[in-house]
Amino acid sequence: MKQGQNIASAHRLNQRLVLRTILMRRGIARQNLAQITGLTPATITNITARLITGKWIAEEGQISHPGAVGRRSIGLGIASGTHYVAAVHLQRRVVSVGLAELDGSLVATAVDDLEAEPDPRRTVDQVQRLLAAIIDQVQPPHLLGVGVGASGIVDYDTATIQIAPSYGWANVALGEWLAEAMKVPVVLDNNARGMALAEHLLGSHRDARWLVFLYVGRGMAAGIWADGRIYRGIHGFAGEVGHTTVVPEGDLCWCKNRGCLEIYLSEDTLRRNCGASEQTSVTEVFRNASTAVRRELVHQMATALINVNHNHNPEVIVLGGWVDKVWPMLRDPVMEEVAKRTAYWPRPLRVVSSSFGENIGLIGAAAIGLGQLVYGVGKDDGEPLPSW
Ligand SMILES: [Zn+2]
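According to my numbering, the residues represented by the sequence shown are 2 to 389, in order.
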């Protein structure tokens with residue numbers, strides 16, 4: 002990480018900090034921005050004027066100050082209708098795309114089937130066609146770039162998918178190819194990391210310093226927001242909670258380890274154990290599952306939560322995937338087991354549903370793009386904000 006700051010990069014960092022603070026504290030007044038960021042009132046006046054001119058932020062009416070009669074100031078919020086990022090969520094057999102505003106709200110979406118082991122170049126063409134259709138529909142004045150959330154091991158710095166069993170890919174330079182096709186910057190990350198970033202940056206957990214997003218779908222992964230940054234590990238494997246061993250000498254996993262958590266908790270296992278077809282909704286499958294199947298899922302889900310808690314000590318664990326869809330039915334038995342098995346620990350675990358429900362994958366992809374291109378929570382020395 003470069004630590005020195007010359008004037009241009011310090012200015013850029015300050016702009017991103019002000020923009021991010023306005024995102025996190027919608028309706029904030031300039032004097033409060035100065036207090037929170039530590040920048041001088043004159044610097045705040047200068048930066049906010051430029052951000053308003055560039056249509057990144059907008060004034061949002063007057064705020065009155067409780068206890069200070071007659072004192073009023075103008076609140077600031079993130080602007081809409083000018084700057085957009087495109088979002089691409091790649092899952093097994095499905096690709097979804099969307100266009101998102103600076104606050105992550107989706108203005109258009111499209112979805113298409115993906116082949117079982119798709120050709121990477123053809124997938125780029127497919128994504129380009131899907132994006133072209135929604136861009137044509139919305140006509141965004143400024144498209145800042147594309148955020149892509151994909152499963153598997155992703156090299157964030159080179160925007161390369163290193164290994165993705167969901168698509169049968171290895172060493173696919175997806176970011177570079179899509180950037181060439183779209184003529185805008187592309188930011189690529191593991192989808193669970195995008196989901197964690199979305200919850201922190203755009204969702205209900207803006208004040209959480211340590212947050213884990215636990216995705217339990219076809220596969221299983223955790224995105225970790227650790228005190229100001231996404232935690233990746235040295236080779237980008239951090240958060241592969243699905244491949245932690247829960248049954249020593251258990252079944253062989255595709256990853257060559259035995260007894261991986263994902264084997265016992267994935268949606269595929271649930272469907273297989275219930276003899277359910279792909280046409281039946283996962284909620285329906287779970288509702289009709291036998292007592293034995295449910296008991297095993299409750300036990301493994303409790304194990305997953307306890308292991309995440311003991312590894313990361315997060316303020317909150319946010320759920321996504323099939324487990325989130327059935328959480329109202331799973332919550333009580335799972336949390337009862339968690340409480341018994343964590344009775345020694347001083348604080349109870351806080352486990353909640355995703356802020357974005359079914360849209361979490363796409364909004365996570367948008368957060369990957371917005372994080373690096375706009376709000377400065379991706380690469381340490383992120384690219385400059387686009388022209389004002
Ligand atoms: Zn495994």
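Yeah, the Cβ is synthetic: ideal placement off N, Cα and C, and Gly gets one too.
Predicted, not measured: the structure shown is a model, and the values here were computed from it.
Measure the Cβ-Cβ separation of residue i and residue j and say whether it is below 8 Å.
{"i": "Ser355", "j": "Val319", "result": "yes"}
{"i": "Gly1", "j": "Val185", "result": "The structure shown does not extend to residue 1, since the chain spans only 2 to 389, so no value can be given for it."}
{"i": "Asn192", "j": "His313", "result": "no"}
{"i": "Val247", "j": "Thr304", "result": "yes"}
{"i": "Ala80", "j": "Ala88", "result": "no"}
{"i": "Arg351", "j": "Glu316", "result": "yes"}
{"i": "Ala30", "j": "Ile53", "result": "no"}
{"i": "Val98", "j": "Ala117", "result": "no"}
{"i": "Val108", "j": "Val139", "result": "yes"}
{"i": "Asp190", "j": "Val155", "result": "yes"}
{"i": "Ile307", "j": "Thr343", "result": "yes"}
{"i": "Ala134", "j": "Ile364", "result": "no"}
{"i": "Gly366", "j": "Gly224", "result": "The amino acid occupying residue 366 in the given sequence is Ala; Gly does not appear at that position. In this structure, Gly224 does not lie closer than 8 Å to Ala366 by Cβ."}
{"i": "Val335", "j": "Met302", "result": "yes"}
{"i": "Asp114", "j": "Arg93", "result": "no"}
{"i": "Gly237", "j": "Tyr157", "result": "yes"}
{"i": "Leu77", "j": "Thr46", "result": "no"}
{"i": "Asn15", "j": "Leu40", "result": "yes"}
{"i": "Gly240", "j": "Asp252", "result": "no"}
{"i": "Leu391", "j": "Thr161", "result": "The question about residue 391 has no answer here: the residues shown for the chain are numbered 2 through 389."}
{"i": "Ser167", "j": "Gly220", "result": "yes"}
Look at the alpha carbon of residue i and the alpha carbon of residue j, and state the distance between them as a whole number of angstroms.
{"i": "Arg21", "j": "Tyr376", "result": "5 Å"}
{"i": "Gly370", "j": "Ser291", "result": "42 Å"}
{"i": "Arg27", "j": "His84", "result": "17 Å"}
{"i": "Ser388", "j": "Pro141", "result": "The predicted position of Ser388 is uncertain, since its pLDDT is 42 and thus under 50; a value taken from the coordinates is nonetheless stated next. Approximately 15 Å between the Cα atoms of the pair."}
{"i": "Asn360", "j": "Thr38", "result": "31 Å"}
{"i": "Ala171", "j": "Ala222", "result": "18 Å"}
{"i": "Leu262", "j": "Ala209", "result": "26 Å"}
{"i": "Asp381", "j": "Thr159", "result": "Unreliable positioning characterises Asp381 in this predicted model, as indicated by a pLDDT of 48, which lies under 50. The coordinate reading is nonetheless provided below. If you take the alpha carbons of Asp381 and Thr159, they lie about 14 Å apart."}
{"i": "Arg13", "j": "Asn258", "result": "45 Å"}
{"i": "Pro249", "j": "Gly362", "result": "32 Å"}
{"i": "Arg288", "j": "Arg17", "result": "46 Å"}
{"i": "Glu384", "j": "Gln163", "result": "At Glu384, the pLDDT of 49 sits below 50, so the modelled position is not reliable and the matter cannot be decided from this model."}
{"i": "Leu298", "j": "Trp226", "result": "26 Å"}
{"i": "Val327", "j": "Gly218", "result": "12 Å"}
{"i": "Val86", "j": "His201", "result": "18 Å"}
{"i": "Arg207", "j": "Asn7", "result": "30 Å"}
{"i": "Gln127", "j": "Ile136", "result": "14 Å"}
{"i": "Ala165", "j": "Thr124", "result": "14 Å"}
{"i": "Pro347", "j": "Arg122", "result": "51 Å"}
{"i": "Ile58", "j": "Ile75", "result": "12 Å"}
{"i": "Pro349", "j": "Leu212", "result": "15 Å"}
{"i": "Met196", "j": "Glu285", "result": "25 Å"}
{"i": "Gly379", "j": "Gly234", "result": "14 Å"}
{"i": "Pro42", "j": "Val324", "result": "47 Å"}
{"i": "Thr245", "j": "Met183", "result": "38 Å"}
{"i": "Phe214", "j": "Leu374", "result": "22 Å"}
{"i": "Gln280", "j": "Asp333", "result": "28 Å"}
For the beta strand (DSSP E) containing residue i, name the first residue and the last one.
{"i": "Asn172", "result": "Trp170 to Val173"}
{"i": "Arg73", "result": "Arg73 to Ile79"}
{"i": "Thr110", "result": "Leu107 to Asp114"}
{"i": "Tyr216", "result": "Trp211 to Val217"}
{"i": "Asp190", "result": "Val187 to Asn191"}
{"i": "Ala277", "result": "Unbroken run through Ala277: none, as it is neither H nor E."}
{"i": "His84", "result": "His84 to Gln92"}
{"i": "Ala101", "result": "Val95 to Ala101"}
Which residues bound the alpha helix (DSSP H) around residue i?
{"i": "Tyr157", "result": "Where Tyr157 is concerned, there is no enclosing alpha helix (DSSP H), given that its DSSP letter is neither H nor E."}
{"i": "Trp323", "result": "Trp323 to Lys326"}
{"i": "Leu24", "result": "Ile8 to Met25"}
{"i": "Gly365", "result": "Ile361 to Leu371"}
Taking the alpha carbon of residue i as the reference point, which residue from the options has its own alpha carbon closest?
{"i": "Gly372", "options": "Ala35, Arg230 and Trp170", "result": "Arg230"}
{"i": "Glu337", "options": "Arg296, Gly362 and Val155", "result": "Arg296"}
{"i": "Gly82", "options": "Gly76, Glu60 and Lys56", "result": "Lys56"}
{"i": "Gly169", "options": "Gly195, Cys256 and Val188", "result": "Cys256"}
{"i": "Tyr216", "options": "Leu175, Gly176, Arg194 and Leu363", "result": "Arg194"}
{"i": "Ser152", "options": "Gly358, Gly322, Asp333 and Trp211", "result": "Gly322"}
{"i": "Met25", "options": "Ala50, Gly62 and Leu203", "result": "Leu203"}
{"i": "His1", "options": "Thr281, Thr284, Leu331 and His311", "result": "Only positions 2 to 389 of the chain appear in this structure, which leaves residue 1 out of reach."}
{"i": "Leu132", "options": "Ile264, Pro347 and Val187", "result": "Val187"}
{"i": "Gln32", "options": "Arg73, Asn274 and Ala11", "result": "Arg73"}
{"i": "His143", "options": "Leu103, Ala182 and Pro166", "result": "Leu103"}
{"i": "Phe357", "options": "Val19, Gly105 and Glu61", "result": "Gly105"}
{"i": "Tyr265", "options": "Ala293, Glu279 and Glu285", "result": "Ala293"}
{"i": "His311", "options": "Thr284, Val339 and Asp325", "result": "Val339"}
Following a CB-centred definition, is residue i positioned closer than 7 Å to any heavy atom of ligand 2?
{"i": "Ile264", "result": "Of the ligands one can find in the structure shown, namely ligand 1, none is ligand 2."}
Legend entry - Closer than 5 Å: residues whose CB approaches a heavy atom of ligand 1: His244, Cys254, Cys256, Asn258 and Cys261
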